[in-house]
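Numbering (our numbering), first residue to last: 158 to 319. Even glycine gets a Cβ: it sits at the ideal position worked out from N, Cα and C. In this text, all values refer to a predicted model and were calculated from it rather than measured experimentally. What follows is one structure encoded as structure tokens, with my remarks underneath.
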Amino acid sequence: MSSYSFIGMAGAGKSTLGAALSKRLDTNFVDTDLLIEKKFNQSLEGLKESRGYKFVRLAEEGVILNLENNIKVISTGGSAIYSEKSMNHLKAFSKLIYIFVPLEVIEARIGYGQKRGLASPEETSIEDIYNERKPMYERWAHQTIDGTLPIDDLINLLTNKN
Numbered sequence: 158m159s160s161y162s163f164i165g166m167a168g169a170g171k172s173t174l175g176a177a178l179s180k181r182l183d184t185n186f187v188d189t190d191l192l193i194e195k196k197f198n199q200s201l202e203g204l205k206e207s208r209g210y211k212f213v214r215l216a217e218e219g220v221i222l223n224l225e226n227n228i229k230v231i232s233t234g235g236s237a238i239y240s241e242k243s244m245n246h247l248k249a250f251s252k253l254i255y256i257f258v259p260l261e262v263i264e265a266r267i268g269y270g271q272k273r274g275l276a277s278p279e280e281t282s283i284e285d286i287y288n289e290r291k292p293m294y295e296r297w298a299h300q301t302i303d304g305t306l307p308i309d310d311l312i313n314l315l316t317n318k319n
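Okay, structure coming up:
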């Protein structure tokens, strides 16, 4: 079985799909956002407020580089793509799946403000973050899937392509 690493914006459904896929495949699952929160005993938003967005990005790089290649399903934070090291590490043992979701859907899911621990400067809009990151997600993706589809459809799409 292949390993899968999900990339995409906050609100794209990386954690939801990762958990559902790992359950369907009866395999292990890691959510890098949760690993960061556990390591620092603080929410991503709290970390961003206390230590800055660059610290959150470095923390994410650290947890990703410590992931071993036996992990079958990984949901990354939205800013994972800022680290070449992280992306190359994940690419070495997993298929990078970009969960594409239109901007208006992301905004509806997470709101217009940055209360999701988005690892970007505070004054940056969701739209600006989206426009900056979209080509980066596309660059790294082995496969792009439509994050507006039902979870079961996405799981079937992923598992039938192996």
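- Here DSSP, grouped into helix, strand and coil, assigns residue 229 to coil.
- Three or more beta-carbon pairs drawn from the segment 169-182 and the segment 212-232 are found closer than 8 Å, and the two stretches are therefore classed as touching.
- Going by DSSP, residue 178 is part of the alpha helix (DSSP H) stretching over 171-182.
- Counting every other CB atom within 10 Å of its CB across the protein chains shown gives residue 205 a total of 16 or more, marking it as buried.
- If you draw a straight line from the Cα of residue 220 to the Cα of residue 244, it is about 12 Å long.
- Counting C-beta atoms within 10 angstroms of its own C-beta, residue 178 has 16 or more neighbours from the protein chains shown and is therefore classed as buried.
- For residue 190, the number of other beta carbons within 10 angstroms of its own is at least 16, and it is reported as buried.
- Assigned with DSSP and collapsed to three states, residue 187 falls in strand.
- Following the DSSP letters along the chain, one finds residue 254 inside the beta strand (DSSP E) bounded by residues 252-257.
- Here residue 159 is not near residue 247, since their CB atoms are 8 Å or more apart.
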